[in-house]
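In this note's numbering, the protein residues as written are 108 to 495. Before any comments, here is the structure.
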Ligand code: NCD
Ligand code: ZN
């Protein structure tokens with residue numbers, strides 16, 4: 108009798124135990140697989156943005172200021188930002204367009220100088236002393252929008268590079284050769300072989316950001332270098348490839364430089380961006396051009412993404428199950444590379460479908476078509492009305 112009671116008890120106990128355990132197991136599994144619907148990260152920066160000048164600032168600055176605490180402002184104005192005095196004046200024009208709300212008011216434009224062959228080591232010292240110039244941008248002459256004043260003979264810049272190396276001022280590189288006979292899809296790789304390797308050989312401690320990388324060659328190259336060599340990656344190069352640009356009709360709003368490459372490159376970029384490696388960080392390369400200048404027989408290069416960049420990066424990271432690596436990429440690695448403090452405040456993203464506006468008002472009665480215009484995105488940056 109005793110043995111029977113014991114057996115029954117034992118059976119009961121086991122059943123209860125099993126039920127409780129399977130419930131717990133179910134809960135654990137659903138927590139692990141349920142999509143995250145809201146998450147909060149350190150407020151991001153943008154380490155590569157084009158704000159333009161004059162009236163354009165009324166459109167570009169509010170988007171940048173709402174979405175990023177700091178932004179490295181590209182110097183390819185007409186005429187370019189060539190001296191510390193130019194940078195100080197440009198910074199003031201940007202600040203004058205920052206909206207009054209408490210988020211935007213934190214915005215800090217970080218200025219860059221446009222490297223020309225007439226820039227001197229003294230100009231570099233003055234730039235660092237100004238406190239506002241955080242980097243120098245190298246455009247090979249003719250590589251992209253407003254790059255006519257860029258560098259043709261990189262050997263003419265050795266004093267400048269030596270001074271930058273000594274002072275720890277980063278060189279931001281548009282890494283494409285420009286010789287007419289070189290295929291547009293090969294220009295980044297050729298730049299690595301013909302320019303980048305020699306540059307690093309001569310200035311092994313120079314801080315270099317290989318800007319908006321688009322190929323596995325560039326990703327591998329950056330991985331093979333020391334801590335002083337890093338790279339930015341745009342949202343479009345993580346989410347798209349040249350099929351998006353060219354299949355089923357030419358889509359001018361996907362056209363930027365360096366041009367979108369084949370899917371195998373896109374995959375490698377997504378791998379390195381989401382790997383947690385601090386060498387890779389955000390740089391939207393948001394580059395506005397009025398709609399009619401992109402939808403044109405000779406359309407301008409540049410994708411406008413400042414207002415949607417964070418949702419785009421979130422979408423790209425989520426596509427490979429790496430949302431947990433987003434914060435490092437958008438908000439930590441870049442600040443560390445530049446030796447700047449990490450932002451202390453946070454930003455929240457919420458999973459909520461919304462439609463990207465078809466246009467923003469731009470310049471005098473013109474408009475600007477953002478990347479993904481009219482398309483649905485999965486993530487919203489809060490406060491939403493400010494961000495877009
Ligand atoms: C940029 C622009 O329009 O200023 N265009 C682009 O396609 N990225 C220039 C640049 O960064 O190459
Ligand atoms: Zn750019």
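In this text, a Cβ means the ideal position worked out from N, Cα and C, and glycines have one as well. Note that the structure is predicted; figures quoted are calculated from it, not measured.
Per DSSP, residue 216 is one residue of the beta strand (DSSP E) stretching across 215–221. Taking the Cβ atoms as the reference, residue 280 lies roughly 6 Å from residue 317, within the contact range of under 8 Å. Take the alpha-carbon of residue 244 and the one of residue 221: they are about 5 Å apart. In the DSSP assignment, residue 474 forms a beta bridge with 468.
By the Cβ rule, the stretch 308–327 does not count as touching the stretch 418–425, because fewer than three pairs are nearer than 8 Å. Residue 478 and residue 352 have their C-alpha atoms roughly 12 Å apart. Excluding the 5 residues flanking it on each side, residue 258 has same chain C-beta neighbours closer than 8 Å at 222, 223, 224, 245, 246, 247, 248, 264, in chain order. The alpha-carbon separation between residue 153 and residue 337 amounts to approximately 14 Å. Rounded to the nearest angstrom, the Cβ distance from residue 367 to residue 349 is 5 Å, consistent with a contact under 8 Å. Rounded to the nearest whole angstrom, the CA to CA distance from residue 404 to residue 287 is 20 Å. Look at residue 321 here: in three-state DSSP terms it is coil, with no helix or strand label.
Residue 158 carries a coil assignment under DSSP once its states are collapsed to helix, strand and coil.
For residue 388, the uninterrupted beta strand (DSSP E) run begins and ends at 387–389, by DSSP. Excluding its 5 nearest sequence neighbours in each direction, residue 186 has C-beta neighbours in its own chain below 8 Å: 256, listed in chain order.
In this model, residue 448 and residue 397 are separated by some 35 Å (Cα to Cα). Judged by the Cβ position, residue 181 qualifies as a neighbour of the ligand ZN at the 7 Å threshold, a heavy atom of the ligand being closer than this. The alpha-carbon separation between residue 494 and residue 136 amounts to approximately 35 Å. A direct Cα-to-Cα measurement between residue 254 and residue 183 gives close to 7 Å.
With distances taken between CA atoms, residue 161 lies nearest to 198 out of 198, 333, 120, 435. Between the ligand NCD and residue 160, a heavy atom-to-CB distance of less than 7 Å is absent. Going by C-alpha positions, residue 234 is about 50 Å away from residue 141. When the Cα atoms are used, residue 164 and residue 227 turn out to be separated by approximately 30 Å. Between the C-alpha atoms of residue 340 and residue 378 there is a straight-line separation of about 12 Å.
Within the same chain, and ignoring the five residues on either side of residue 359 in sequence, the residues whose Cβ sits closer than 8 Å to its Cβ are 401, 402, 403, 406. Assignment of residue 153 by DSSP, reduced to helix, strand and coil, places it in the strand class. Annotated three-state conformation of residue 176 is coil, per DSSP.
For residue 455, the uninterrupted beta strand (DSSP E) run begins and ends at 453–462, by DSSP. Minimum Cα-Cα distance from residue 429 among the listed residues 371, 491, 345, 216 corresponds to 345.
Listed as beta-bridge partners of residue 244 by DSSP are 221, 279. Per DSSP, the beta-bridge partners of residue 258 are 247. If you draw a straight line from the Cα of residue 276 to the Cα of residue 355, it comes to about 44 Å. In its chain, beyond the 5 residues on either side, 222, 226, 227, 228, 230, 231, 243 have a beta carbon closer than 8 Å to the beta carbon of residue 267.
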